[in-house]
Each structure stands twice: as structure tokens, then as C-alpha cells.
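Chemist: This is the structure I have questions about; it appears just below.
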């Protein structure tokens, strides 16, 4: 009947609100935990850094080191490709000599 339909609809709405509230609370809890973890990381980092070195300085240094490692890796890769290219060109020249 209509009354039963309205009662079911009211229960469904209440259930939806309960689910939404639960999801919102979980989201807020996760955000709070994330902020706490970030704050703890920054505090731990700050406590271990020498005087006059800020977390930003440390992060900039880490970024620099990562870039240097990547540069070295790329240089090594370029050297390998150049050696491979030289070997291929020598094979091509050798093949041309056989064709003549």
C-alpha cells in the first residue's frame, strides 16, 4: 500500500544518510591521519636536519641528487647507443665492401 511504500522509502533515505555520514566520517578520518603523518614526517625530518638546513633545502638537495642520478643513467645509455650505432655502421660498411 501507499503507507508501506512511504515507510520503505523513509527507511531507504535513512539508510542512505547513514551510509553518507559513515563515508564522510571515514574520509575526514583519512584526511586527518594523512595530515598527522605529514606533520610527523616533517617533524622527524626537521629534528634530524643540521642547524640552518630547512626541510625545503633537504627536499631540493634530494631532487638535485635524483636529477644527477638520472643524468648519469642517461649518459650511460647514450654511450651504449652510440657504441651500438658505431657497430651497426661498421657492419653496413663491411656489407657494402662485400657488395662491390
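In the working numbering, the protein residues as written are 235 to 334. For every residue, glycine included, the Cβ atom is placed at its ideal position computed from N, Cα and C.
The alpha helix (DSSP H) that contains residue 315, what's its start and end?
Modeler: Sequence index remark: in the chain shown, residue 315 carries index 81 (1-based). That run of the alpha helix (DSSP H) goes 289 to 333.
Chemist: Quick one, which of 316, 292 and 312 has its alpha-carbon nearest residue 278's?
Modeler: Here residue 278 refers to the residue found at position 44 when the chain shown is read from its first residue. Comparing Cα-Cα distances from residue 278 to each of 316, 292 and 312, the minimum goes to 292.
Chemist: Can the beta-carbon of residue 276 be found closer than 8 Å to that of residue 289?
Modeler: Translated into the one-based positions of the chain shown, residue 276 becomes position 42. Translated into the one-based positions of the chain shown, residue 289 becomes position 55. It is a contact, given that the beta carbons lie within the stated cut-off.
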